[in-house]
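S.K.:
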Amino acid sequence: MKTLRVLGLLLCASSASFGQNFSYPDVHLESVTFGGNNLTIYRDDGSGSYTTPQWSELRTVQYPVAYVSGNTPSVGASFYMECDKAPATLWLRGATPDSMLFPAKEVNVSGPSGNRFAMTYPSTQSASAFASGKVDYFHPFTIRWELSFDGVNWRDAGTSENTLYVTFTTPMSSTNRFQWYHTVYDLSCRNAKDASDETSIIAQVWNEFTDQNVLDFQGDSLHYYKTWDSPNVTLSTLLKYHNGECYTFAQLFLASLKIQGISRNNNYVYITPNEQNACGHLVNRFLVHDWNFGTPSASSTCPLFPFKNTYTSLFNGTKTSYNFDTEDVHDSLGIPGSCQPDPPSWFNNHQITWIDGKYYDPSYGVMFDSLQDIVNKAVSGWGMRYQQSGTYIMLMTDDLGQMEFRTEIETY
């Protein structure tokens with residue numbers, strides 16, 4: 180071993196040895212920085228954007244990178260090697276497995292600092308661009324780096340790996356509700372990989388929601404009401420806490436389209452019962468499948484809404500089921516939500532999306548043709564709630580014809 184080490188040092192020290200079949204000491208890839216109009220990516224936890232360098236030997240988890248399709252990436256890198264002497268210059272280059280090349284550059288060798296010599300590959304455009312008008316997803320985007328002492332014979336100089344996203348077109352501008360979050364890029368590009376038109380992108384992004392298993396960029400679950408008292412109603416809180424209400428999933432779906440540069444007017448829909456009074460109270464609630472209606476106990480009190488449940492505290496101690504004191508109507512396992520087989524199902528409103536003539540409900544991963552289609556396929560009944568002597572009274576009906584939904588619509 181001592182002989183091999185000495186030989187390595189001698190070869191590093193000998194300029195003649197920098198040619199054919201050279202030997203050299205350890206060469207370390209230190210960092211890689213992406214440029215060339217790469218897009219900002221914000222951290223899901225709200226702590227700001229990812230910074231440069233996107234790859235560092237000091238990190239076990241590397242930072243993501245994003246570009247718009249048709250753009251040409253630029254990459255710079257720093258290296259060092261440890262030996263007694265080194266040449267004044269050497270050559271560096273990089274290549275990806277799919278033949279994206281970062282051309283060879285002759286660079287100066289600086290040092291030593293102790294026995295360490297440093298080299299920098301300057302920020303250099305790739306010889307080719309990402310395909311125009313096509314979504315792509317690299318997990319990882321691998322660059323194999325090589326070093327040469329003569330520009331002819333090349334040896335390994337390390338490998339960098341970063342998750343890299345390519346969007347269809349330039350993302351829509353960020354707003355207080357829409358940011359270029361890591362998971363938004365990931366969900367969108369991962370599902371829409373290779374899509375090259377808006378219709379395909381919308382359909383492929385929607386696929387993430389249809390199995391009720393929506394995941395963030397790390398593969399962690401995003402829960403629709405992980406606890407039934409979830410306070411989270413914004414995209415940022417869903418991504419930070421992995422738990423949210425319907426607002427958050429509607430925003431996540433639309434954000435995953437906006438990151439591709441796709442948006443529609445009047446795409447964010449708030450639905451609620453078309454309020455009316457019955458038996459002296461406002462009817463403004465609905466029951467999502469599945470509820471079992473038993474024997475009505477309030478027929479004499481309110482014939483139109485004869486089923487009665489009561490409670491003082493709506494949820495149990497773990498906030499994972501209802502806690503009725505009395506019940507004519509029993510909440511049964513029904514439509515699952517994202518990463519939640521049994522979400523709450525007694526609401527006064529719900530948020531969904533409207534795209535190209537269809538209602539998309541990202542919380543449950545289902546689509547509807549019309550408001551009446553939602554009632555027919557997803558609603559068990561209508562109801563009201565009021566308080567009496569410290570007890571909450573729920574009066575309900577399973578007659579779906581008594582009410583209908585109304586909407587408030589805006590553009591997200």
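Residue 232 in this note's numbering sits at position 53 of the sequence shown, with consecutive numbering throughout.
Glycine included, C-beta positions come from ideal geometry on N, C-alpha and C.
(1) Pair every Cβ in the region 558-578 with every Cβ in the region 461-477, then say whether three or more of these pairs are closer than 8 angstroms.
(2) Is it a yes or a no for the region 518-537 touching the region 388-404, going by three-plus beta-carbon pairs under 8 angstroms?
(3) How is Gln545 classed by DSSP in three states: helix, strand or coil?
(4) Classify Asn471 as helix, strand or coil using the three-state DSSP reduction.
(5) Tell me whether the region 231-244 and the region 281-296 touch, counting them as touching only if at least three CB pairs, one residue from each stretch, are closer than 8 angstroms.
(6) According to DSSP, is Ile572 helix, strand or coil?
(7) Name, in chain order, the residues that DSSP records as bridge partners for Val508.
(8) Below 6 angstroms CB to CB, which residues in the same chain sit around Val363 once its five sequence neighbours on both sides are set aside?
(9) Out of curiosity, what's the CA-to-CA distance linking Pro485 and Gln581?
(10) Can you tell me whether Asp365 is buried or exposed? The criterion is at least 16 other CB atoms within 10 Å of its CB, across all chains shown.
(11) Taking DSSP as the reference, what is the three-state secondary structure of Ser257?
(12) Going by CA-CA distance only, name the one from Lys313, Gly337 and Glu424 that's closest to Ser210.
(13) Quick one: grab the DSSP three-state call for Tyr229.
(14) What residue does the beta strand (DSSP E) around Lys537 start on, and which one ends it?
(15) For my contact list, Ala256 and Leu208 are in at a C-beta cut-off of 8 angstroms; report their separation, rounded to the angstrom.
(16) Leaving out the 5 sequence neighbours to the left and right, which residues in its chain are closer than 6 angstroms to Glu583 when beta-carbon positions are compared?
(17) To the nearest angstrom, report how far apart Leu431 and Leu414 are at their CA atoms.
(18) Cβ of His318 within 8 angstroms of Cβ of Thr346?
(19) DSSP on Leu343, reduced to helix/strand/coil?
(20) What's the call for Ile588, buried or exposed, on a 16-neighbour Cβ count within 10 Å?
(21) Please identify the residue among Pro276, Thr389 and Leu326 whose C-alpha is closest to the C-alpha of Met260.
(22) Just to confirm my understanding: we take Tyr274, look at its own chain, exclude 5 residues before and 5 after, and list those with CB closer than 6 angstroms. What are they?
(23) In chain order, what residues of the same chain lie with their CB nearer than 8 angstroms to the CB of His509, ignoring the 5 residues before and after it?
(24) Across which residues does DSSP place Tyr447 in a beta bridge pair?
(25) Which class does Arg222 belong to by DSSP, given the choice of helix, strand or coil?
(26) Under 8 angstroms by Cβ, that's how I've got Thr251 and Gln304 pegged, so tell me the actual separation to the nearest angstrom.
(27) Are the C-beta atoms of Asn471 and some chain C residue less than 8 angstroms apart?
(28) Do you know offhand how far Thr230's Cα is from Phe547's?
(29) Please list the terminal residues of the continuous alpha helix (DSSP H) segment that includes Asp365.
(30) Using the C-alpha atoms, what's the distance from Leu550 back to Ser559?
(31) Does the Cβ of Pro541 have 16 or more other Cβ atoms within 10 Å, making it buried, or fewer, making it exposed?
(32) What's the gap between the Cα of Ser524 and the Cα of Gly513?
M.R.: By the coordinates alone:
(1) Counting C-beta pairs closer than 8 angstroms gives three or more between the region 558-578 and the region 461-477, which meets the contact rule.
(2) The region 518-537, when compared against the region 388-404, does touch it at the 8 angstroms Cβ threshold.
(3) The identity of residue 545 in the sequence shown is Val, whereas the question assumes Gln. Val545: strand per DSSP, three-state reduction.
(4) In the structure shown, Asn471 falls within a strand segment according to DSSP collapsed to helix, strand and coil.
(5) Under the three-pair Cβ rule at 8 angstroms, the region 231-244 does not count as touching the region 281-296.
(6) For Ile572, the three-state secondary structure derived from DSSP is strand.
(7) Its beta-bridge partners are Phe472.
(8) The residues are Ala434, Ser435 and Ile438.
(9) About 13 angstroms.
(10) Looking at its Cβ environment, which holds 16 or more other Cβ atoms inside 10 Å, Asp365 is buried.
(11) Ser257: strand per DSSP, three-state reduction.
(12) Among Lys313, Gly337 and Glu424, the Cα nearest to that of Ser210 is on Gly337.
(13) Coil at Tyr229, not helix or strand.
(14) Its beta strand (DSSP E) spans residues Lys537 to Asp540.
(15) For a cut-off of 8 angstroms, the C-beta gap from Ala256 to Leu208 is around 7 angstroms, short enough to register as a contact.
(16) Once the five neighbours on either side are set aside, the close Cβ partners of Glu583 are Asn453.
(17) Cα to Cα, Leu431 sits roughly 6 angstroms from Leu414.
(18) No. Outside cutoff.
(19) Secondary structure at Leu343: strand, using DSSP grouped into helix, strand and coil.
(20) Its Cβ having fewer than 16 others within 10 Å, Ile588 is exposed.
(21) Met260 has its Cα closest to that of Leu326, out of Pro276, Thr389 and Leu326.
(22) Checking the sequence, you will find Ala at residue 274 rather than Tyr. Around Ala274: Leu280 and Arg323.
(23) The beta carbon of His509 sits closer than 8 angstroms to those of Trp470, Asn471 and Gly473, all from its chain and outside the five residues before and after it, given in chain order.
(24) Bridge partners of Tyr447: Thr532 and Glu589.
(25) Assignment of Arg222 by DSSP, reduced to helix, strand and coil, places it in the coil class.
(26) Indeed, because the Cβ distance is near 5 angstroms, the residues count as touching under 8 angstroms.
(27) Note that chain C does not occur in the displayed structure, where there is just one protein chain.
(28) If I take the Cα positions, the gap works out to 42 angstroms.
(29) Start and end: His361 to Ala371.
(30) Rounded to whole angstroms, Ser559 and Leu550 show a C-alpha spacing of 14 angstroms.
(31) Within a 10 Å sphere around the beta-carbon of Pro541 sit 16 or more other beta-carbons, which makes this residue buried.
(32) Separation of Ser524 and Gly513 (C-alpha to C-alpha, rounded to the nearest whole angstrom) is 9 angstroms.
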